[in-house]
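Numbering (mature numbering (1 follows the signal peptide of the UniProt record, and there is no 0)), first residue to last: -19 to -1, 1 to 228. Worksheet for the structure shown next.
Rendered as structure tokens:
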């Protein structure tokens, strides 16, 4: 059980709407009988409504498409697709490292991108990890938190899932920065690339989303608490202080 919970905190807590896909009706029933409202979740009633909407979209569209993708596309190809989009995300991570004044880590992430772009066939392969240049994911929400901007209340965003007021404010810039459409001068290509990225990400979480429903009677509350703990941990680079309600 502890292992399952750890996997969820590390994986699901930083994902879009499909991370929450686990019997929302059971979550609401559990919440009405056993779960007090969290002080970090003052909009819980509305958040749960959005949670149910997101779950229905995932079950109707995203999950079936991801399952078909896994069945039809070889693992080697899917790995290359994941590496490619991950390499694009690494560019933004490097920028945020530098915005936080973490020059050494920013340089390491820059080297990682350069290595995978040049020696990894444009990012399809990941030789940088084998060379010790591990991925250190950062986003603008983390950067704001690093400079003292409080997280604010917990939110569940339509189609994007778990967030906070701070992370929601940073989301447009984060999405723009890693949008491959900026380098594709074709509307059809943009739609195809974004759709592929969405499908690839969802496919990587097929097992984890099922696990969410197995470890908690109230997946909504579990995911909320995991998300908030994970984000706080990321802002503090894995070493958060014992008491810091703002974060």
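All C-beta atoms, glycine included, are put in the ideal place defined by N, C-alpha and C.
Query, Result
"On a Cα-Cα basis, can you pick out the residue from 41, 131, 205 and 221 that is closest to residue 143?", "205"
"Return helix, strand or coil for residue 132, following the three-state DSSP convention.", "coil"
"Output the distance between the C-alpha atoms of residue 214 and residue 75, rounded to the nearest integer angstrom.", "19 angstroms"
"Whole angstroms are fine: how far does the CA of residue 183 sit from the CA of residue 38?", "13 angstroms"
"Just the Cα atoms here: how many angstroms apart are residue 186 and residue 118?", "18 angstroms"
"Considering residue 20, what are the terminal residues of the beta strand (DSSP E) in which it resides?", "Per DSSP, residue 20 belongs to no beta strand (DSSP E) and is neither H nor E."
"If you measure between the beta carbons of residue 122 and residue 148, is that distance less than 8 angstroms?", "yes"
"Please work out which residues of its chain come closer than 8 angstroms, Cβ to Cβ, to residue 160, disregarding the five sequence neighbours upstream and downstream, and give them in chain order.", "175"
"Which residues in the same chain as residue 125 place their Cβ atom closer than 8 angstroms to its Cβ, once the five residues preceding and following it in sequence are excluded?", "147, 150 and 151"
"I need the boundaries of the alpha helix (DSSP H) containing residue 45, first residue and last residue.", "44 to 53"
"Going by other Cβ atoms of all chains shown within 10 Å of its Cβ, with 16 needed for buried, is residue 216 buried or exposed?", "buried"
"Please return the same chain residues whose Cβ sits closer than 6 angstroms to the Cβ of residue 100, not counting the five positions on each side in sequence.", "108"
"Less than 8 angstroms between the C-beta atoms of residue 114 and residue 64, yes or no?", "no"
"Mapping DSSP to helix, strand and coil, what is residue 31?", "helix"
"Could you name the residues of the same chain whose beta carbon sits closer than 6 angstroms to that of residue 19, not counting the 5 residues immediately before and after it, in chain order?", "none"
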